[in-house]
Amino acid sequence: MAPRRQTPGQRTSATAWASWVNAALARRGWQQSDLIRAVGTDTDGKPVLSTSRVSQWCSGEQKASPDKAVAVAQALGENIGEALNAIGETKLAQAFRGAAPQPEAAAPPQGAFDPFLARLRASADPEMHKLADVYERDVSRVRRLVELELLELERKRQGLPAEKDGT
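My numbering numbers the first residue of the sequence shown as 20 and each following residue consecutively.
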């Protein structure tokens, strides 16, 4: 199957996204695989991002969808508005203008934000550590779902069409 041809505008935003992602990865000292792990898994336990997709982003072959751009910005602790701007979503980016980066989304100190999680991590029982991992993944998934709902709500408020392609 032949690759889809990109319009000049699509190439420009794919290139801008590549520059943004590569710079953010470099600031953190991360590899693409680190980003994939940080964004996490879906409700079925599958990675949200694939190796090939992130590679396409970093090489400027393709840009992210708004929901993926938000997830990447949060995982990297970067400004969501800047990520959305890099993919050409200027109206959505304005909604997030000034949104503070959230570095804790990328690598929170274990238990730092949740006393329950801290108790699980403090236990000497390895089963409690497994439960803590499950708890963290579930909280992360719920946070992403809420953020995607917020993104969709902002799109509706601005009269933009609903996001159909989750790539």
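Glycine included, C-beta positions come from ideal geometry on N, C-alpha and C. From a predicted model like this one, the values you see are computed outputs, not experimental measurements.
{"Item": "Asp86 versus Gly48, Lys175, Leu164 and Gly178, residue with shortest Cα-Cα distance", "Value": "Leu164"}
{"Item": "Cα-Cα separation between Glu97 and Val89, rounded to whole angstroms", "Value": "9 Å"}
{"Item": "Sequence-distant residues of the same chain with beta carbon closer than 7 Å to Lys110, five excluded per side", "Value": "Gln177 and Leu179"}
{"Item": "Local Cβ density within 10 Å of Glu146, reported as buried at 16 or more and exposed below that", "Value": "exposed"}
{"Item": "Check whether Trp76 and Ala37 have beta carbons under 8 Å apart", "Value": "yes"}
{"Item": "CA-to-CA distance, Gly64 to Ala43, given in whole angstroms", "Value": "26 Å"}
{"Item": "Buried or exposed by the 16-neighbour rule on C-beta atoms within 10 Å, applied to Lys175", "Value": "exposed"}
{"Item": "Alpha helix (DSSP H) segment containing Val158, residue limits", "Value": "Pro145 to Arg176"}
{"Item": "Burial state of Ala125, where buried means 16 or more other Cβ atoms lie within 10 Å", "Value": "Note that Ala125 scores 44 on pLDDT, short of 50, meaning its location in the model is unreliable; the coordinates nonetheless yield the value given after this. Ala125 comes out buried."}
{"Item": "Beta-carbon contacts of Gly185 that lie in its chain and below 7 Å, excluding the five residues immediately before and after", "Value": "Note that Gly185 scores 49 on pLDDT, short of 50, meaning its location in the model is unreliable; the coordinates nonetheless yield the value given after this. The residues are Ser84 and Asp86."}
{"Item": "Inter-stretch contact (C-beta, 8 Å, three-pair minimum) for the segment 50–59 and the segment 102–109", "Value": "no"}
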